[in-house]
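Residue numbering for the sequence shown follows this note's numbering, beginning at 347 and increasing consecutively.
For glycine and all other residues, C-beta sits at the position ideal for the given N, C-alpha and C.
Report on the following structure.
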Amino acid sequence: MSTQTLTATAPAPAAKQLPGRISLAQTAQHSLALAGRGVTKFMKSPMQLVDVVLTPIISLLMFIYLFGESMAPGGDTDRYLQHVVPGVMVMAVFQASIGIGASLSADASTGIFDRFRSMPIARSSPLIGAVLADFVRYVICLATLVVLALIMGYRIGTNPVASLAAVALLIGFALSFSWMSVYLGMLIKNPASVQGLMTILILPLTFASTVFMEKDKMAGWLQGFSDVNPVSLVAGAVRGLLNGGEVAGPLAGSFLWMAGVTAVFFPLAMRAYRKNNG
Numbered sequence: 347m348s349t350q351t352l353t354a355t356a357p358a359p360a361a362k363q364l365p366g367r368i369s370l371a372q373t374a375q376h377s378l379a380l381a382g383r384g385v386t387k388f389m390k391s392p393m394q395l396v397d398v399v400l401t402p403i404i405s406l407l408m409f410i411y412l413f414g415e416s417m418a419p420g421g422d423t424d425r426y427l428q429h430v431v432p433g434v435m436v437m438a439v440f441q442a443s444i445g446i447g448a449s450l451s452a453d454a455s456t457g458i459f460d461r462f463r464s465m466p467i468a469r470s471s472p473l474i475g476a477v478l479a480d481f482v483r484y485v486i487c488l489a490t491l492v493v494l495a496l497i498m499g500y501r502i503g504t505n506p507v508a509s510l511a512a513v514a515l516l517i518g519f520a521l522s523f524s525w526m527s528v529y530l531g532m533l534i535k536n537p538a539s540v541q542g543l544m545t546i547l548i549l550p551l552t553f554a555s556t557v558f559m560e561k562d563k564m565a566g567w568l569q570g571f572s573d574v575n576p577v578s579l580v581a582g583a584v585r586g587l588l589n590g591g592e593v594a595g596p597l598a599g600s601f602l603w604m605a606g607v608t609a610v611f612f613p614l615a616m617r618a619y620r621k622n623n624g
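Shown next as structure tokens:
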């Protein structure tokens, strides 16, 4: 049989087909793979982690050594340190969650999302992977803060299980609220504008909370706002888990906020992503 005959009768190679429907398990696999890519980027560019290291250090030193005596009841800075450390933990991870929106907004101008769209992966995995990669930033942020707080004299008054639950709550809070930043990152083509809008949102929630001040030192109207403020609720739950005290009430409120924010902003972010990327 001639070579020409073999060539004519041989079946054509099958074209590579994109999967028609991707399961939840495959979506999780693709998202974790892209999260690994994000973590690798952090490791190759350590300067991206400078903010999550310096922010908790500067905040804690400033509120203890500059404002501590005036804000601490009776000038007792040791007692104030026990109050403010869990609050600064909440503030630090909340601020760290801003970065992802600005980063995604910058990525949108590089064409990387077009590359992802041409690959046989779940459409949602680029955004979910980016959010999961920020887990490393939150862990570094909290580890830095805990080490500094222990050196300054802060002491955990509960047990390791409660402490791990506090860390899990803080990271869950940051991951859920980061979907707000992701949505703005998909909506706005300017990273600086995304960061500015998120800062405008975060500052009032942080300073009108129990992060730095006990509730009974606030004005009456502010106490009412603080009762429903998600930052106050998470700070209260973390204080209970680390220092001892009420946990159930603020923890339930924290979960409601985290579930509500994720339920609203995850679909909005995905819709904006699909609209921008076909």
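The region 502-522 makes contact with the region 574-591; the number of CB pairs closer than 8 Å reaches 3 or more.
In the displayed model, Phe-553 falls within a helix according to three-state DSSP.
Around the C-beta of Pro-432, 16 or more other C-beta atoms lie within 10 Å, and the residue is accordingly described as buried. Contact annotation, Ala-381 with Leu-533: C-beta distance approximately 23 Å; criterion of less than 8 Å not satisfied. The beta carbon of Ala-508 sits closer than 6 Å to the beta carbons of Leu-587 from its chain, once the five residues preceding and following it are set aside; these are given in chain order. The DSSP-derived three-state label of Ala-495 is helix. Nearest neighbour of Pro-506 by Cα position, chosen from Asn-589, Gly-457, Thr-373 and Gly-570, turns out to be Asn-589.
Short of 6 Å from the beta carbon of Val-540, and not among the five residues preceding or following it, lie these beta carbons of its own chain, in chain order: Gly-447, Ala-448, Ser-451, Leu-530, Gly-531 and Ile-534. Across the set Leu-579, Val-580, Arg-367 and Arg-501, the C-alpha of Arg-367 shows the shortest separation from the C-alpha of Ser-470. Around the CB of Ser-369, fewer than 16 other CB atoms lie within 10 Å, so the residue is classed as exposed. Counting along the chain, the unbroken alpha helix (DSSP H) around Leu-378 starts and ends at 370-390.
In the assembly as shown, Asn-622 is an exposed residue. Its beta-carbon has fewer than 16 other beta-carbons within 10 Å. The continuous alpha helix (DSSP H) containing Ile-517 extends over residues 506-533. Taken through DSSP and simplified to helix, strand or coil, Asn-622 comes out as helix. For the pair Ala-374 and Ala-495, the Cα-to-Cα distance works out to about 36 Å. Counting only runs of at least 3 residues, the region 528-616 fully encloses no beta strand (DSSP E) element at all. Here Phe-413 carries a coil assignment [DSSP, helix/strand/coil]. If you check the CB distance, Ala-489 and Gly-384 do not come in under 7 Å.
In this structure, Leu-568 keeps its C-beta atom at 7 Å or more from the C-beta atom of Ser-600. Annotated as distal: Leu-547 and Pro-402, with beta-carbon spacing of 7 Å or more. If you compare the alpha carbons of Thr-552, Trp-525, Pro-392 and Lys-390 with that of Phe-612, the shortest gap goes to Trp-525.
The beta carbon of Arg-483 sits closer than 6 Å to those of Val-398 and Ala-442, all from its chain and outside the five residues before and after it, given in chain order.
Runs of alpha helix (DSSP H) with 4 or more residues, each lying fully within the region 414-483, are found at 414-417, 423-442, 445-454 and 458-463, listed in chain order. Going by beta carbons, Ser-572 and Ser-555 fall inside the 7 Å limit. Between Met-435 and Thr-552, the CB-CB gap reaches or exceeds 7 Å.
Boundaries of the alpha helix (DSSP H) around Ile-404: 396-407.
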